[in-house]
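For reference, the structure is listed below as C-alpha cells.
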Amino acid sequence: MKQTEPVSIILPTYNRANQIGKAIESVLAQTYEDFELIVVDDGSTDETEKVVTSYKDCRIRYHRMPENGGQSRARNCGMKLARYDYLAFEDSDDLWRPGKLKAQMEAMRNAGTNVGMVYHKFRYDLGAGRGMVLPDEKIPYEKKSGDIYAQLLWDNLVGIPTMLLKKECVEAVGGLDESLRCLEDYDFALRIAKKYQAIFLDEIYLDASYSVSGVSGGDSGQYLIASCLLLAKYKADYLATDTFNHRVEIILRDAGRLGATEQIVELLEKVLQM
Numbered sequence: 002m003k004q005t006e007p008v009s010i011i012l013p014t015y016n017r018a019n020q021i022g023k024a025i026e027s028v029l030a031q032t033y034e035d036f037e038l039i040v041v042d043d044g045s046t047d048e049t050e051k052v053v054t055s056y057k058d059c060r061i062r063y064h065r066m067p068e069n070g071g072q073s074r075a076r077n078c079g080m081k082l083a084r085y086d087y088l089a090f091e092d093s094d095d096l097w098r099p100g101k102l103k104a105q106m107e108a109m110r111n112a113g114t115n116v117g118m119v120y121h122k123f124r125y126d127l128g129a130g131r132g133m134v135l136p137d138e139k140i141p142y143e144k145k146s147g148d149i150y151a152q153l154l155w156d157n158l159v160g161i162p163t164m165l166l167k168k169e170c171v172e173a174v175g176g177l178d179e180s181l182r183c184l185e186d187y188d189f190a191l192r193i194a195k196k197y198q199a200i201f202l203d204e205i206y207l208d209a210s211y212s213v214s215g216v217s218g219g220d221s222g223q224y225l226i227a228s229c230l231l232l233a234k235y236k237a238d239y240l241a242t243d244t245f246n247h248r249v250e251i252i253l254r255d256a257g258r259l260g261a262t263e264q265i266v267e268l269l270e271k272v273l274q275m
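Counting from 2, one number per residue, gives the positions in the sequence shown under my numbering.
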C-alpha cells in the first residue's frame, strides 16, 4: 500500500434532500482526505440534486439513475463508477465521525493479504431517546475479527456503512443481489466473510438513524421472505456451523409476532427443498 491510498465512498440516496447535506458534510470532515464521494441519486423527485451540487468540492461526484431501482442497484452502480481500489459506504441519513476513514485505512494498511474488510461499531438511533450500539458488545472480540463467517451466520453483525472493502474482493464475490428486497446487505457481508478475513475496530465511528423511507425501504414481510431465502442459500454452511436451528428459531419468532407463522413455515418447506 502506498503512503496514502484514495478511497471511493458510495452514497445512495432517494428523496433525502432534507438530510443528505449533513451526511455529505460528515464525509468532508474526515481527517483522511484522499477520497471521492459518489452520490448515486436513485431517481429522487425532491431537491436532492440541488443540495448535492451546491457543494463545490471536486471530490464529490453526482450520478443520477434514470429511474428508482432500489438501494442494491444504486450501490452496485456506485461501485462500478468507483475509480479507486478501496470502497466505503454511507447512507444519506448517516453521520460519519471524523476519524472513521483514517482508522479503517490504517488498519487495512497493516493487514495481511487475506483481509478483505475492515468494519467497526456504530450507534443506531431508534428515536425517542432510544438507541443501541452494534454489533452486540457481548460477542467476544475474537469472534468479530479474523474468520467471522460462523459468527455472521449466527446473526448479522456487519452493516454496509461500517465496511471498508478492497475493490478486488467485491469483484471476486460479486455486488449486491438486486433480486433481494431485504437483507441484501447481510447476503453481501456473508459472501465477503466466507472468502476473506475481517478486522473489527472496537470504536464507534458512525451514527445511523432508523428510517422506513428513503433508499432502504422494505417491510417486515419482505424481511421474513429474505430470511427464508438466505437460510436456503446458505443451508449447508448453517448446518456445518450448527447455526441452522438458531436461524429457524429467529425466523419463526419474528413470523409469530406478525401473525404469519403458517405462511412462513410453508415458504421454508418450499425453499429448503429446492
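Every residue gets a Cβ at the ideal spot worked out from N, C-alpha and C, and that includes glycine.
Three or more C-beta pairs below 8 Å linking the stretch 182 to 193 and the stretch 146 to 166: In the pairwise beta carbon analysis, the stretch 182 to 193 is classified as touching the stretch 146 to 166: at least three pairs are separated by under 8 Å.
Quick one: what's got a C-beta closer than 6 Å to Gln223's C-beta in the same chain, skipping five residues either side? Numbered from its first residue, the sequence shown carries residue 223 at position 222. Counting only Cβ-Cβ distances below 6 Å, and skipping sequence neighbours, we find Arg182, Cys183.
Alpha helix (DSSP H) segment containing Met118, residue limits: Numbered from 1 along the sequence shown, position 117 holds the residue referred to as residue 118. From DSSP, Met118 is part of no alpha helix (DSSP H) but of the beta strand (DSSP E) over 116 to 128.
By Cβ distance below 6 Å, which residues in the same chain neighbour Arg131 in space, the five residues on each side in sequence not counted? As a first step, residue 131 must be located in the sequence shown, where it is residue number 130. For Arg131, where only same-chain residues beyond five positions count, there are no Cβ hits under 6 Å.
By the three-class DSSP mapping on this structure, what secondary structure does Ala233 have? Against the sequence shown, residue 233 aligns to sequence position 232. DSSP, reduced to helix, strand and coil, places Ala233 within a helical segment of the structure shown.
One question on the structure: do Ser45 and Asn16 come within less than 7 Å of each other, judged by their Cβ atoms? Translated into the one-based positions of the sequence shown, residue 45 becomes position 44. Translated into the one-based positions of the sequence shown, residue 16 becomes position 15. The answer is yes: Cβ separation under 7 Å.
For His140, the three-state DSSP class (helix, strand or coil): For the purposes of this step, residue 140 is identified with residue 139 of the sequence shown, where counting begins at 1. Residue 140 is actually Ile in this sequence, not His. Three-state DSSP puts Ile140 in coil, outside helix and strand.
According to the neighbour-count rule (16 or more other Cβ atoms, all chains shown, within 10 Å of its Cβ), is Leu273 buried or exposed? Counted from its first residue, the sequence shown places residue 273 at position 272. By the 10 Å Cβ count, Leu273 comes out exposed.
Buried or exposed: where does Met109 fall if 16 or more other Cβ atoms within 10 Å of its Cβ makes it buried? Against the sequence shown, residue 109 aligns to sequence position 108. Buried, because 16 or more other Cβ atoms sit within 10 Å of the Cβ of Met109.
Quick one: complete beta strand (DSSP E) runs, 3+ long, within the stretch 180 to 264? Complete beta strand (DSSP E) runs here, min 3: 198 to 210.
Mapping the DSSP letters down to three states, classify Gly132 as helix, strand or coil. Locating residue 132 in the sequence shown gives position 131, counting from the first residue. Strand at Gly132.
C-beta contact flag for Val174 and Lys196 at 7 Å: Taking the first residue of the sequence shown as position 1, residue 174 is located at position 173. Taking the first residue of the sequence shown as position 1, residue 196 is located at position 195. Yes, the Cβ-Cβ distance between Val174 and Lys196 is below 7 Å.
Taking Cβ positions, are Ala18 and Met118 nearer each other than 7 Å? Along the sequence shown, one-based indexing puts residue 18 at 17. Along the sequence shown, one-based indexing puts residue 118 at 117. Contact annotation: Ala18 and Met118 have beta-carbon atoms that are not nearer than 7 Å.
What residues in its chain sit with their C-beta under 7 Å from that of Arg84, if we drop five residues either side in the sequence? Residue mapping note: residue 84 aligns to position 83 of the sequence shown, counting from 1. So the list reads Ser9, Glu37, once near-sequence residues are dropped.
To which residues does DSSP link Leu82 through a beta bridge? Translated into positions along the sequence shown, residue 82 becomes position 81. The bridge partners DSSP lists for Leu82 come to none.
Near Gln105, which residues of its chain fall below 6 Å by C-beta distance, leaving aside the five closest residues on each side in sequence? Position 104 of the sequence shown, counted from the first residue, corresponds to residue 105. Within the same chain, Val119, Leu165 come within 6 Å of Gln105 by CB-CB distance, once the 5 residues on both sides are set aside.
For Ile149, name the three-state secondary structure that DSSP assigns. Locating residue 149 in the sequence shown gives position 148, where the first residue counts as 1. Coil at Ile149, not helix or strand.
Rounded to a whole number of angstroms, what is the C-alpha to C-alpha distance between Lys103 and Leu269? Walking along the sequence shown from the start, residue 103 turns up at place 102. Walking along the sequence shown from the start, residue 269 turns up at place 268. Between Lys103 and Leu269, the C-alpha separation is close to 43 Å.
Could you tell me which residues DSSP pairs with Glu37 in its beta bridges? Looking up residue 37 in the sequence shown gives position 36. Bridge partners of Glu37: Ser9.
Can you tell me whether Ser180 is buried or exposed, with buried defined as 16 or more other CB within 10 angstroms of its CB? Start at 1 with the first residue of the sequence shown, and residue 180 comes out as number 179. Result: exposed.
Quick check on the burial criterion: 16 or more other C-beta atoms within 10 angstroms. Buried or exposed for Asp92? The sequence position of residue 92 within the sequence shown is 91, counting from 1. Answer is buried; the Cβ neighbour count reaches 16.
Using a C-beta cutoff of 7 Å, does Asp92 count as contacting chain B? Absent from the structure: chain B. Only one protein chain is present.
Quick one: what's got a C-beta closer than 8 Å to Val134's C-beta in the same chain, skipping five residues either side? For this step, residue 134 is matched to residue 133 along the sequence shown. So the qualifying residues of the chain are Lys122, Phe123, Arg124, Tyr125, Ile205.
So is Cys59 buried or exposed if we call it buried at 16+ other beta carbons inside 10 Å? Residue mapping note: residue 59 aligns to position 58 of the sequence shown, counting from 1. Exposed, since its Cβ has fewer than 16 Cβ neighbours within 10 Å.
Do Asn77 and Leu177 have their beta-carbon atoms positioned less than 7 Å apart in this structure? Numbered from its first residue, the sequence shown carries residue 177 at position 176. Numbered from its first residue, the sequence shown carries residue 77 at position 76. Yes. Within cutoff.
Would you kindly report the start and end of the unbroken alpha helix (DSSP H) that includes Lys57? If you number the sequence shown from 1, residue 57 lands on position 56. Run containing Lys57: none; DSSP gives neither H nor E here.
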